[in-house]
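> Sharing a structure below in C-alpha cells format, with a few things to ask.
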Amino acid sequence: MKKIFLLMILLSFYSVAFAEDNYQLIGSSSYETLSFDTDMIRFRKESGEMFIEVWIKHQPTAEGAKEYIQERQKNKLTTEGFENLSYYIDHKLYSLNKKSCRIDSTDYAKDESILDSKYYPLRNWQAIQHSSEEEIIWALVMQYAEDYQYVLDYRMQNN
Numbered sequence: 079m080k081k082i083f084l085l086m087i088l089l090s091f092y093s094v095a096f097a098e099d100n101y102q103l104i105g106s107s108s109y110e111t112l113s114f115d116t117d118m119i120r121f122r123k124e125s126g127e128m129f130i131e132v133w134i135k136h137q138p139t140a141e142g143a144k145e146y147i148q149e150r151q152k153n154k155l156t157t158e159g160f161e162n163l164s165y166y167i168d169h170k171l172y173s174l175n176k177k178s179c180r181i182d183s184t185d186y187a188k189d190e191s192i193l194d195s196k197y198y199p200l201r202n203w204q205a206i207q208h209s210s211e212e213e214i215i216w217a218l219v220m221q222y223a224e225d226y227q228y229v230l231d232y233r234m235q236n237n
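Going by the working numbering, the sequence shown opens with residue 79, and the numbers climb by one from there.
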C-alpha cells in the first residue's frame, strides 16, 4: 500500500512540476532529485522492437553525494574530483514489456566538466522489479511517451 501511495504522489509531481526548462521532475528524496530530459526522449527501434530512449538526471543532495562517493569507492571506481559532483545522467532504454538497459552514465562536476563516463553493453537487459523505484520511473516515462507520442513519432522519423 505504501508503494502505491508513493507512486500516486510521484505521478502528481509528474503532471505539474518541472525540474528545469527541459527536464520533467520524477521525484525527490533526502538523497537526490530525479528528472528526465523531455527534449531528448525518443522512440528507438532495435532488432524490430520498439523502445523508449531517455536520459535520467540524478542531482544528489550533500548526503546523497557522500553515499554515491562511498559506493564508487566500494566498487573501486575513481572518486577524484567527486567532492565537486553536481549531477549524473543515466542514458537508458526502456522496453514496452518492463525491461531496462543502461547505455551509459556520465558524472558532471559543478563547473560542467565530466568527472567520469561509463558505457554498458546493450545486452545487459534487466527486468524491472514490481514496486521498485525503477518501475515508478518506467511508468512515468511510459506515460510521458503516451501523452506526447506525436512528438516522439516525429523525432523517430527525422533521425
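Positions of the beta carbon are idealized from the N, C-alpha and C atoms, including for glycine.
(1) Going straight from the alpha carbon of Lys170 to that of Gln137, what length do you get?
(2) How many angstroms separate the CA atom of Glu224 from the CA atom of Lys135?
(3) So is Trp133 buried or exposed if we call it buried at 16+ other beta carbons inside 10 Å?
(4) DSSP beta-bridge partners for Leu163?
(5) What are the start and end residues of the alpha helix (DSSP H) that includes Leu230?
(6) Does the structure place the stretch 147-158 close enough to the stretch 174-182 that three or more beta carbon pairs sit under 8 Å?
(7) As a quick exercise: from Ile119, Asp99 and Ser113, pick the residue whose alpha carbon is nearest that of Tyr249.
(8) From the DSSP output, in three-state form, read off Glu158 for me.
(9) Taking all protein chains shown into account, decide if Ser113 is buried (16 or more other Cβ within 10 angstroms of its Cβ) or exposed.
(10) Return helix, strand or coil for Lys196, following the three-state DSSP convention.
(11) According to DSSP, is Leu174 helix, strand or coil?
(12) Can you tell me which of Glu124, Asp189, Tyr109 and Leu155 puts its alpha carbon nearest to the alpha carbon of Arg201?
(13) Suppose you measure from the CA of Ile181 to the CA of Arg122; what does that come to, to the nearest Å?
So, to answer that:
(1) Between the alpha carbons of Lys170 and Gln137 lies a distance of about 17 Å.
(2) 21 Å
(3) buried
(4) Under DSSP, Leu163 shares a beta bridge with Ala187.
(5) Gln227 to Gln235
(6) Here the stretch 174-182 does not lie against the stretch 147-158, with fewer than 3 beta-carbon pairs under 8 Å apart.
(7) The chain is shown only over 79 to 237; residue 249 falls outside these bounds and no answer can be derived.
(8) Residue state, collapsed to three classes: coil.
(9) buried
(10) strand
(11) DSSP places Leu174 outside both helix and strand once states are collapsed to three, so it counts as coil.
(12) Nearest option by C-alpha distance: Glu124.
(13) 13 Å
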